[in-house]
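Have a look at the structure below before the remarks.
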Amino acid sequence: MLEKNMDRREFLKLSAKMAALGALTLSGGISTLAYAFDDESVGLKWHKAPCRFCGTGCGVLVGVRDGRVVAVQGDRHAPVNKGLLCAKGYHAGAALYGKDRLRHPMIRRNGKLQQASWDEAIDLISDKIIADSKNFAIYGSGQWTIPEGYTAMKFLKGGLGSNEIDPNARLCMASAVVGFVTTFGVDEPSGCYDDLDECDTVICWGNNWAEMHPILFSRFIDRKQFGHKVKMIDIATRRTRTTEAADYYLEFQPQTDMAIINGICYLLLKRGTYDKDFVKHKVRFKSNDNATITMEEYQSFLNDYTPEKVSKLSGVSIEHLNLLANLFSDPKEKIVSLWCMGFNQHTRGTAVNNLIYNLHLLSGKIGKPGSTAFSLTGQPAACGTCREVGTLAHALPGGRVVKDEEHRKDTEKIWNLKPGTINPKPGHHTVAMFKALMSGKLTGMWVQVTNPGQTMPNLHDNFRNNKQFLVVSDVYPTKTTELADVILPSAMWVEKDGLYGNSERRTHQWFKMINPPGEARDDKWQIIAVARRMYEKGFEGMKDKDGKFLLAIKDEKGNEIEAWKWEVYRSKNIDKPLFEDYRKFTTKKHKDLAPYEEYVKHRGLRWPVVQDSLGQWKETPRRFVEGEDPYVPKGAGIAFYMDKGKENRANIFARPYEAPPEIPDKEYPFWLCTGRVLEHWHSGTMTRRVKQLYNANPHAYVELNPDDAKKMGVYTNDKLKIVSRRGEMILPVSLDGRGTPQKGSVFVPFFDETKLINLVTLDAYCPLSKEPDYKKCAVRLEKV
Amino acid sequence: MKKKKAIIVCVLLYGLLTCFFYVRNVVFAKERTLIQHIVEEERIESRDARSILRAFYTAPPVVPHEIEMQDTQDCLRCHLNVTRLDDGRVAKETPHPQFSSCLQCHVPGANNEFNTNGTSWEGLEEPKRGDRWATMAPPMIPHRIKLRENCLSCHGSQNPDMRLRTTHPERTSCLQCHVPNYNNEFELDQE
Chain V
177 MLEKNMDRRE
187 FLKLSAKMAA
197 LGALTLSGGI
207 STLAYAFDDE
217 SVGLKWHKAP
227 CRFCGTGCGV
237 LVGVRDGRVV
247 AVQGDRHAPV
257 NKGLLCAKGY
267 HAGAALYGKD
277 RLRHPMIRRN
287 GKLQQASWDE
297 AIDLISDKII
307 ADSKNFAIYG
317 SGQWTIPEGY
327 TAMKFLKGGL
337 GSNEIDPNAR
347 LCMASAVVGF
357 VTTFGVDEPS
367 GCYDDLDECD
377 TVICWGNNWA
387 EMHPILFSRF
397 IDRKQFGHKV
407 KMIDIATRRT
417 RTTEAADYYL
427 EFQPQTDMAI
437 INGICYLLLK
447 RGTYDKDFVK
457 HKVRFKSNDN
467 ATITMEEYQS
477 FLNDYTPEKV
487 SKLSGVSIEH
497 LNLLANLFSD
507 PKEKIVSLWC
517 MGFNQHTRGT
527 AVNNLIYNLH
537 LLSGKIGKPG
547 STAFSLTGQP
557 AACGTCREVG
567 TLAHALPGGR
577 VVKDEEHRKD
587 TEKIWNLKPG
597 TINPKPGHHT
607 VAMFKALMSG
617 KLTGMWVQVT
627 NPGQTMPNLH
637 DNFRNNKQFL
647 VVSDVYPTKT
657 TELADVILPS
667 AMWVEKDGLY
677 GNSERRTHQW
687 FKMINPPGEA
697 RDDKWQIIAV
707 ARRMYEKGFE
717 GMKDKDGKFL
727 LAIKDEKGNE
737 IEAWKWEVYR
747 SKNIDKPLFE
757 DYRKFTTKKH
767 KDLAPYEEYV
777 KHRGLRWPVV
787 QDSLGQWKET
797 PRRFVEGEDP
807 YVPKGAGIAF
817 YMDKGKENRA
827 NIFARPYEAP
837 PEIPDKEYPF
847 WLCTGRVLEH
857 WHSGTMTRRV
867 KQLYNANPHA
877 YVELNPDDAK
887 KMGVYTNDKL
897 KIVSRRGEMI
907 LPVSLDGRGT
917 PQKGSVFVPF
927 FDETKLINLV
937 TLDAYCPLSK
947 EPDYKKCAVR
957 LEKV
Chain D
11 MKKKKAIIVC
21 VLLYGLLTCF
31 FYVRNVVFAK
41 ERTLIQHIVE
51 EERIESRDAR
61 SILRAFYTAP
71 PVVPHEIEMQ
81 DTQDCLRCHL
91 NVTRLDDGRV
101 AKETPHPQFS
111 SCLQCHVPGA
121 NNEFNTNGTS
131 WEGLEEPKRG
141 DRWATMAPPM
151 IPHRIKLREN
161 CLSCHGSQNP
171 DMRLRTTHPE
181 RTSCLQCHVP
191 NYNNEFELDQ
201 E
């Protein structure tokens, strides 16, 4: 059905047959499962895909002519972005065509990288893994497509008998995950982007969405143009483009976000203006160490957070604290709280995620149209692949964990493994994984679709000292490929089939549209090929219970597809069978996905996607809400049905303010905060190869508060050396640019590989989520 | 007496108005003739000059000048209507004032450090002139209309680039004669 090289007549015949069978229904103008990829396409054709970059998950139409992408436009039928894109999205097509695309496998011989054949590379990798399979790690990414992450996961957890797999998403949304799991018993936001269309107020908690999630920002802020009475409150440590559009700017001292939220909760309880009915029926109170407590005990915990004390600690005025409390007290006010890395990259990341839910639960501002607490993500499949497939050191697919015997058994059954194959001991989380690699405890690592050589915190200790065997699959040379022993050239975005899952639980599908350059091949194929080579060499782990190949993929007739042969792989759609295999995992935590064909027809569907009585697959805009979520019992209104206490309640945690591990002192008097910019995506590997984006923001810089600059006598473009206890970096000064940090703090974007700010950053992390804090460490500034 | 005065005022007013319309028509006619004499090569020149600012047709143009304050309100100060600056430059009117977050699509592009050899990107070209059903028929709109709903922001008589101006700005209902060519709206081809 999904043969690529079918001719037009065959295709028409097939379409007719399908129509006759009535197997597929019309929706959004897409009616058949025709494989879009055609080697000899001439003339301009437009295909659908999600954007390659952030977690917003905009729908794009990709214009393909003569086997090349020539244009990208916003898809006006896409519910996320309604036809609009940001600068990165419009230029996503150009990111495929940097002249230094990796085209051939390379192997390091005598210290030099030399071109090699795929066969040699696969042989070498499979030998190295077989030599010490339990200590070989895979470091993956929130840019893995769902089938890619699933394949890597099955290869490692089902095949190598260890759990040494973790994604870069650990550095990005692990705190959000643990926050969700502890408060609601299940991961991922319950609200959706539609809430931005209906809310009265958006509160940005350390979140510069004007630059990081521009499409959502404009979706909200453009409502002002249409006369909607909406307001935005920006609570931050740095003035940004978001601040320019905000009605209020509340500047706080780093880390005191915890105290501010507790302070608002204190006011709500003291005034008695919390949602009493909601609190009585929908929540329970928990102490910091997870013991159930009474509301009175919680209230006495909050007595430490009087407005006076909070104001003194945080720098936010009592007037502004009252303003926030008033908003949350007003039962009619519809409030959306947004956050991203400000909360997540935090040494108390999980706690502060819990705290924001406390606030929304106490005020009952969750699960209602226009009211929610929404955690944004930065990668296109951080949700779809890392969180749902679960490519984490402790997880198994569909919300399962390796520690749970029943979960392991489930997984072994679906994967047809010998009982006891899956290791119950969680692997290393990202920072620990790199430390283990540096110390030689792990003897090899395969990095796919990410660039830890630029993005790990404290790069000296966590990447640069590597002496172990390193395989890197990427599309361009990066700071990571510099240290690689084997470089594998990968296919990117529309050069392969894929599925991504965005922040609002929306799963997107796309078909391959063009061929990858040179010998570049899919990441998923690379894993299958290595697995097969290991199987052929007799490695036991690559056999299932019946001695058959672990990663065997069957077509619809049940015949095995020899996917490890590139010529076979490239002529088939492997995503469909893999996705159908993965789907079996998704019902346990009620994250049900629809069959692959449904995603072909739609511009993404938000899970749980459940068949209704008429057989139609229905998505769920808001989770836990009756009438929207099919798992909410009738008459319940809002039910947190994944509650581990089985009472349909969410937890309110008494999480105290705790000071950060490194605070500016005499020797290192400034805070350093790192982050992103609109034009570049993360480490800039793709966006810095697009002329328009490069020119818009060519190099990293250090932003200073003008008062600090005046005191130091530095001006824009002067050079400053930023020194921390871990490393240093020289950067040009930017004053009154797009951001202005508060006094005593500096900001540096991390996109520029020529100016690695992560040599300076701290690798301290949240004890629960293990996510490091890139937003706070102490530095000294020296004039150069 | 009063009547006389009133008549004089009326006559004067009439005279003034006549003069005004006469001058206006002369100017208009002059402009119209100028526009009518623009040849195809000049139009192509104009199109190419504009397309330099885009990675491909349908991509948002980059901002061709330096930006100091990176605030959207500052963009609209000049670009909400046509603004003529002291140094002779003319800021064009935005065709989509309903979108207020300008810099999320239009990135600064005055900086030109990027080595163009670094990419083999070849984007979709700008369209040619619109088709006509017959010689005297009004041409169809050759480009898509998305984000270009306000025709006069480019084709109005305020546009400093005369090669784009309409010969008949007094007719304000553009879409009544010039129909969009929906082939240019670029819809999904997945059947």
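Protein chains in written order, with our numbering: chain V, 177 to 960; chain D, 11 to 201.
Even for Gly, the Cβ is constructed at its ideal location relative to N, Cα and C.
Would you give the residue range spanned by the alpha helix (DSSP H) that residue i belongs to?
| i | result |
| --- | --- |
| Gly-629 (chain V) | 628–631 |
| Ile-298 (chain V) | 294–307 |
| Ala-965 (chain V) | There is no way to answer for residue 965 (chain V), as the model of chain V reaches only from 177 to 960. |
| Val-744 (chain V) | 742–745 |
| Tyr-941 (chain V) | Where Tyr-941 (chain V) is concerned, there is no enclosing alpha helix (DSSP H), given that its DSSP letter is neither H nor E. |
| Met-388 (chain V) | 385–388 |
Classify residue i as helix, strand or coil using the three-state DSSP reduction.
| i | result |
| --- | --- |
| Arg-709 (chain V) | helix |
| His-188 (chain D) | coil |
| Gly-269 (chain V) | coil |
| Ala-954 (chain V) | strand |
| Trp-686 (chain V) | strand |
| Glu-843 (chain V) | coil |
| Ile-933 (chain V) | helix |
| Trp-591 (chain V) | helix |
| Gly-325 (chain V) | helix |
| Arg-576 (chain V) | strand |
| Ile-729 (chain V) | strand |
| Asp-699 (chain V) | helix |
| Val-670 (chain V) | helix |
| His-223 (chain V) | strand |
| Thr-28 (chain D) | helix |
Looking only at its own chain, which residues have a Cβ that is under 7 Å from the Cβ of residue i, when we skip the five neighbours before and after it?
| i | result |
| --- | --- |
| Val-607 (chain V) | Asn-638, Asp-939, Tyr-941, Lys-946 and Pro-948 |
| Tyr-745 (chain V) | Trp-701 and Ala-739 |
| Gly-518 (chain V) | Trp-381, Gly-382, Asn-383 and Lys-951 |
Counting only the same chain and skipping the five closest in sequence on each side, list residues whose C-beta sits under 6 Å from that of residue i.
| i | result |
| --- | --- |
| Lys-820 (chain V) | Gly-361 |
| Gly-316 (chain V) | Ala-328, Pro-343, Thr-567 and Gln-624 |
| Lys-407 (chain V) | Thr-377 and Asp-423 |
| Cys-562 (chain V) | Gly-318, Pro-343 and Ala-345 |
| Leu-489 (chain V) | Thr-432 and Ala-435 |
| Thr-526 (chain V) | Ser-351, Val-354, Gly-355, Cys-942, Leu-944 and Ser-945 |
| Tyr-533 (chain V) | Thr-359 and Ala-549 |
| Arg-576 (chain V) | His-583 |
| Leu-618 (chain V) | Asn-311, Ala-313 and Ala-612 |
Span of the beta strand (DSSP E) holding residue i?
| i | result |
| --- | --- |
| Gln-249 (chain V) | 244–250 |
| Arg-241 (chain V) | 235–241 |
| Arg-60 (chain D) | Premise fails: Arg-60 (chain D) lies in the alpha helix (DSSP H), 50–61, not in any beta strand (DSSP E). |
| Leu-664 (chain V) | 662–665 |
| Asp-757 (chain V) | Run containing Asp-757 (chain V): none in the beta strand (DSSP E); it sits in the alpha helix (DSSP H), 751–759. |
| Ser-163 (chain D) | Unbroken run through Ser-163 (chain D) is the alpha helix (DSSP H), 162–165; no beta strand (DSSP E). |
Bridge partners for residue i per DSSP, in chain order?
| i | result |
| --- | --- |
| Thr-850 (chain V) | V:Val-924 |
| Cys-380 (chain V) | V:Asp-410 and V:Leu-514 |
| Gln-290 (chain V) | V:Ile-283 |
| Ser-910 (chain V) | V:Glu-879 |
Relative to the ligand GTP, is the shortest distance from any of its heavy atoms to the C-beta of residue i smaller than 7 Å?
| i | result |
| --- | --- |
| Lys-156 (chain D) | With respect to the ligand GTP, the structure shown offers nothing to examine, as it has no ligands at all. |
Suppose the cutoff is 8 Å on Cβ atoms and the five residues either side in sequence are ignored; what does the same chain contact list for residue i look like?
| i | result |
| --- | --- |
| Val-853 (chain V) | Glu-387, Asn-873, Arg-914, Pro-925 and Phe-927 |
| Thr-418 (chain V) | Cys-380, Asn-383, Asn-384, Trp-385, Ala-386, Glu-387, Phe-393, Met-408, Asp-410 and Ala-412 |
With a floor of 4 residues, list each alpha helix (DSSP H) that falls wholly inside the segment 93–140 of chain D, ordered by position along the chain.
none
Taking only runs of the alpha helix (DSSP H) that begin and end inside the segment 767–832 of chain V, which ones reach a length of at least 4 residues, in chain order?
772–777
As an exercise, report each continuous alpha helix (DSSP H) stretch of at least 4 residues that is fully enclosed by the segment 471–522 of chain V, in chain order.
471–478, 483–490, 494–505 and 517–520
Go through the segment 397–480 of chain V residue by residue and report every complete run of the alpha helix (DSSP H) that reaches 4 residues or more, in order.
417–421, 433–447, 452–458 and 471–478
Can you list, in chain order, the stretches of the alpha helix (DSSP H) that have 4 or more residues and sit fully within the segment 350–378 of chain V?
350–360 and 370–374
I'd like the ranges of any alpha helix (DSSP H) spanning at least 4 consecutive residues and lying wholly in the segment 520–552 of chain V.
525–538
Length at least 4, wholly inside the segment 853–906 of chain V: the alpha helix (DSSP H) runs in chain order:
867–872 and 882–888
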